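Q: Structure incoming, see below.
Numbering (our numbering), first residue to last: 22 to 1256.
Set out below in structure tokens:
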């Protein structure tokens, strides 16, 4: 080497691909010869980078730094800022995607152990979960893995059957079969017809085989999702010792608990020493520390930027590999990889920092992590204290998930601190330990520290778990941050009282919030929300629960002719004494009993919410309600908690102020009629004549009225007391229905203070309390909406989703009908594109049949039932008379009212006293034994008829739903998804709701799956294209596609290409039209929307458009007779158009639908639809240019001639409607002149 003066490497770019291999010539020369010399003896080295890229600085950054270090030289032309960025990137591993062939489906298990066991136990029952896991292992690892998995299942199967009554006889057969089954060994010979392993496992083995060059220095980690896959995968790799002789695997599972730290440390110690050199671990270990590895393999893809950052941490930086295994042609895997490997919003640099340090950098943007639960297949190590549960959706945060949740929380709230964690080192029992502290700003909590742990990641887990629990206690942990709960679907049963087999009874789901929230006993912390009505006649009420309610939208209520919006304002948690909580409980019981006007009780420990009055509240107070403890009006609460009424002073001069905002009742008992005070009439006394028009006007004086209606009336103590003018309070009624008709006011009523009692709850608070049935009903609706939205990763607008779940029979102001209209159009549009792509050579009739199978109501209904959608639907109106809060029950009759009345017998003033009955033996109390037995028997029967509380709840939540109604709800949810996030979100929601459309994940996948490539017979003339583009108003990206749309007939047959384009264009034009009329007529009902759509896209309207725009001039056809029909139609249309325009000008109105009375050639409307299909395909299966065609051509035509106010129905539509009205069931209109 000392004899050389200069070394020239003409293409050092090759280092980009092989910088990790010690056998590369450049690496060998520089290591063996150049690096061993002193600096004075080394020759000068010049390297040329020959790149095919325009900018050589785009050369792989990590390799630039590596090359500079390897050659002990410098790279010029790079700024210091760029060099710092490259230095960071040099620490990243080489990230590789290993593609494998699609795995067998879950239903393609071979004729092996799984099938034998299935035959022995055909009804899964208790063992169904094991059969499902066996299918999943088969898909991941193949037949060998599936057979081996049953050996691991055997102990758990025995435990599962022991927990049930008796042991199935078939279990012994299953056990003996598993133990005696001869396991098949994997066969990696390429010429073998039966290998026993999946394509995915084969590619994994190939990847590990390529690591053999590391020899004893090899260290690798494989992350999987399922615990059983980890065990079986490690066993299969051990069985391949002849092929992977250098691999020594070990399994790490059960990483959820702090107790697993010792096992983790022991494995890491042996891993570092080389006793094991390959760790197969579940995802629960990814945030922990491992000795640096040459290769980290994600056997299962996880849609998580944080997982990506943790994976980088486990590697050796630029001289190691991070491998992602993905399935060929799988668009889900494609999307995940695209998200993980993109460098946007500073996420890549953030992941580098997280990979380098434990302190945790705050994410630069909200993390869009997958919200699915990454639970393993076994829950045997879980206990009730091992997770934090969201009260709204039931989602759970386990110990190992707390770190991820806290990162998401910091990204969502935009914490200003640069780091999230800090650590303290200490020595405990001669061992080094760590304590982690979590730092959060912009939230009202102090820094939280965890306990001591042997490593930083374990200490971080403890601190994050405690912080998540504290955030939940403060009501700051949004339900969207929780992993989605696994759904359990309620069973359905036929409705016995219905003769329609398509109608069934479904139990509406009780919101998870009321199930998961602990009850009153032992809960000293309450979570308040302020129910703040928008009307000044209503006072705010404090609504307290034992778990924090999520952020909820305001509740719109209709009180008669008045619209009242009730805002739900969350406040900071309250810590109250047991006495205060008991007073709130008594107050709540009082309010509920008086609302129902009957005795209802609920044990204090089972109360799900409490109510409390608030002091004077202003809108300014609503801006900051972090602490409402000072706003609770204990002075107003305590009297109501103790008694329902108080006496009214008759001699007080301040009676007017004392009765301000008061409710009074005409008798001294709790359950009676109540009145609202209008005024204190000092100008009237008991001797006055009642005013005309009042209820008492038929009497000469109020005294005469008292003597007539009150039994044994002995006069008043104060004959000069003023009268109180009142009006009846409205009865308790539903306020969630549509606005009620105006009700005439009742005549004035006058009451005497001495004979009345003052209700202890003020009038403004009582008005709000009367809204409680409606408020709690809407709370249930909103909570169920949030639960269902977790199925869609909380991506659908909750207001729209709530409307989609409301049927017309619920009588809510907004129901699903408009959303179903747009969802039905999108479903037809998407399914048309799907079958068009999936069947590239099929004719129109085949495409139409395939689409019908996808969109038919039965398909939507069956999948909706599997998902449990019916339990979320609101189909029944609010029945206020049978309303009860959760856990409240009717109290048996007692003497409570008589005791409270103090023995005073009172009557309503407008009710005459009962006549005294004539004396008889029975009236004197003489009852025969037979009559007594009969009365007791009748009372017993009456008692039996009373429903139990459980039966009452069931009857209140049972709903009758037809198959079409459920299918309509599914379409409405799809419509809500489209309005919330466009085509991609609607596509995702459709896949979730129907379990169909496996070929696509996002809308762009349609083009990638099957681009249009039909041959073109001859080029389209440029003059024709220019003229056509002038009509369309935009440039055609692929003009040759238009030929298929304009050439409709070849010989005597319609071309297949034209049929397919017409099929596709019909669905696209339908949906674009639906969007237009949905947005323009925002208050129109579904019937009007359907009529408008039919009027716009019917054959006659499209044919008139074709002629009006001049598109008919470009049509190419060879069939005889078509030309004559088209010209004849054009002439007739011109005559009708002139006639309509003249009439419109004469009566000064816009022109209408002049084409209705002329039967058009169908070819003209088909041309428009085929042209739309061709434009859509030429735009890459995107609707941009189709929307431009609609705006430039169709929309002006519509707005000129078709309006809802002047809409005319086609004669055929009127004829069919008349036939249906007359009871004609078999009606068909035959067109004898179809082309």
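Glycine included, C-beta positions come from ideal geometry on N, C-alpha and C.
All of these numbers come straight from a predicted model, not from anything done at the bench.
Using DSSP's beta-bridge definition, name the partner residues of residue 470.
A: BP columns for residue 470 point to 458.
Q: Quick one: grab the DSSP three-state call for residue 27.
A: Correct three-state label for residue 27: strand.
Q: Leaving out the 5 sequence neighbours to the left and right, which residues in its chain are closer than 6 Å to residue 997 when beta-carbon positions are compared?
A: Excluding residues within five positions, the ones whose Cβ falls inside 6 Å are 817, 821, 822, 825 and 840.
Q: For residue 27, count neighbouring C-beta atoms within 10 Å of its own C-beta (all shown protein chains included) and say buried if the count is 16 or more, exposed if not.
A: Exposed, by the Cβ-count rule.
Q: So residue 711 and residue 720 are supposed to be a Cβ contact under 8 Å. How far apart are they, rounded?
A: Rounded, the Cβ-Cβ distance is 6 Å, consistent with contact.
Q: Is the beta carbon of residue 1188 closer than 9 Å to that of residue 1057?
A: Not closer than 9 Å, so no.
Q: So, under 8 Å CB-CB, residue 482 and residue 423 are touching, yes? Tell me the CB distance rounded to an integer number of Å.
A: About 6 Å separates the two Cβ atoms, so the contact holds.
Q: Quick check: what's the CA-CA separation for residue 979 versus residue 610?
A: Rounded to whole angstroms, residue 979 to residue 610 spans 26 Å at the Cα level.
Q: Could you pull out every residue in the same chain whose Cβ sits closer than 7 Å to the Cβ of residue 163, ignoring the five residues on either side in sequence?
A: Excluding residues within five positions, the ones whose Cβ falls inside 7 Å are 217, 218, 219 and 222.
Q: What is the rounded straight-line gap between the Cα of residue 1236 and the Cα of residue 1157?
A: Distance between the alpha carbons of residue 1236 and residue 1157: 22 Å.
Q: Along the chain, where does the alpha helix (DSSP H) containing residue 849 start, and where does it finish?
A: Its alpha helix (DSSP H) spans residues 838-859.
Q: Between 391, 350 and 444, which has its C-alpha nearest residue 381's C-alpha?
A: Measuring from the Cα of residue 381, the nearest candidate turns out to be 444.
Q: Taking Cβ positions, are residue 258 and residue 301 nearer each other than 9 Å?
A: In contact: residue 258 and residue 301 (Cβ atoms closer than 9 Å).
Q: Where do the ends of the beta strand (DSSP E) carrying residue 980 lie?
A: That run of the beta strand (DSSP E) goes 979-983.
Q: If you measure between the beta carbons of residue 785 and residue 558, is that distance less than 9 Å?
A: Cβ distance < 9 Å, so residue 785 and residue 558 count as in contact.
Q: Quick one: Cα of residue 502 to Cα of residue 274, how far?
A: Each residue's alpha carbon lies about 25 Å from the other.
Q: So, is the C-beta of residue 1085 closer than 9 Å to a C-beta in chain C?
A: Among the chains in the structure shown there is no chain C, since it carries only a single protein chain.
Q: In the DSSP assignment, the alpha helix (DSSP H) including residue 477 goes from what residue to what residue?
A: Residues 477-494.
Q: Helix, strand or coil, according to DSSP, for residue 151 in the structure here?
A: In this structure, residue 151 counts as helix in the three-state DSSP scheme.
Q: For the putative contact between residue 459 and residue 469, defined by C-beta atoms under 8 Å, what is the C-beta separation to the nearest angstrom?
A: That belief holds up - the Cβ atoms of residue 459 and residue 469 are roughly 5 Å apart, short of 8 Å.
Q: Which residues does DSSP list as the beta-bridge partners of residue 417?
A: Paired residue(s): 410.
Q: Is it true that the CB of residue 814 sits closer than 9 Å to the CB of residue 391?
A: Yes; because the gap between Cβ atoms is below 9 Å, this pair is in contact.
Q: Candidates 569, 264, 782 and 634: which alpha carbon is nearest residue 666's?
A: Of 569, 264, 782 and 634, the residue nearest in Cα terms is 782.
Q: Where does residue 388 sit, in a helix, a strand or coil, going by DSSP?
A: Coil, per DSSP.
Q: Do residue 118 and residue 346 come within 9 Å of each other at the CB atom, strictly closer than that value?
A: Contact: yes.
Q: Would you kindly work out how many angstroms separate the C-alpha atoms of residue 387 and residue 431, rounded to a whole number?
A: Between residue 387 and residue 431, the C-alpha separation is close to 8 Å.
Q: In the region 291-345, which residue ranges form an unbroken beta strand (DSSP E) of at least 3 residues, counting only runs that do not cross its ends?
A: Runs found: 299-303 and 316-319.
Q: Excluding the five sequence neighbours on either side, which residues of its own chain have a C-beta within less than 7 Å of the C-beta of residue 1258, listed in chain order?
A: Here the chain comprises residues numbered 22 to 1256, so residue 1258 is not present and cannot be evaluated.
Q: Terminal residues of the continuous beta strand (DSSP E) containing residue 121?
A: Note, residue 121: beta strand (DSSP E), 115-121.
Q: Can you tell me the Cα-Cα spacing of residue 668 and residue 467, whole angstroms?
A: Taking the straight line joining both Cα atoms gives about 50 Å.
Q: Under a three-way DSSP split, which group does residue 1251 fall into?
A: Three-state DSSP puts residue 1251 in coil, outside helix and strand.
Q: Tell me which residue opens and which closes the beta strand (DSSP E) that residue 713 is part of.
A: Careful: residue 713 lies outside any beta strand (DSSP E) and carries neither H nor E.
Q: Please go through the region 1192-1224 and give each complete beta strand (DSSP E) segment of 3 or more residues, from N-terminal end onward.
A: With a minimum length of 3 residues, no continuous beta strand (DSSP E) run stays inside the region 1192-1224.
Q: Based on the DSSP secondary-structure assignment, which residues constitute the bridge partners of residue 586?
A: Partner(s): 577.
Q: If you count every other CB in all the chains shown that lies within 10 Å of the CB of residue 600, and 16 or more means buried, which is it?
A: Exposed, because fewer than 16 other Cβ atoms sit within 10 Å of the Cβ of residue 600.
Q: Just mark residue 1081 as buried or exposed, buried being the case when its beta carbon has 16 or more other beta carbons within 10 Å.
A: Under this definition residue 1081 is a buried residue.
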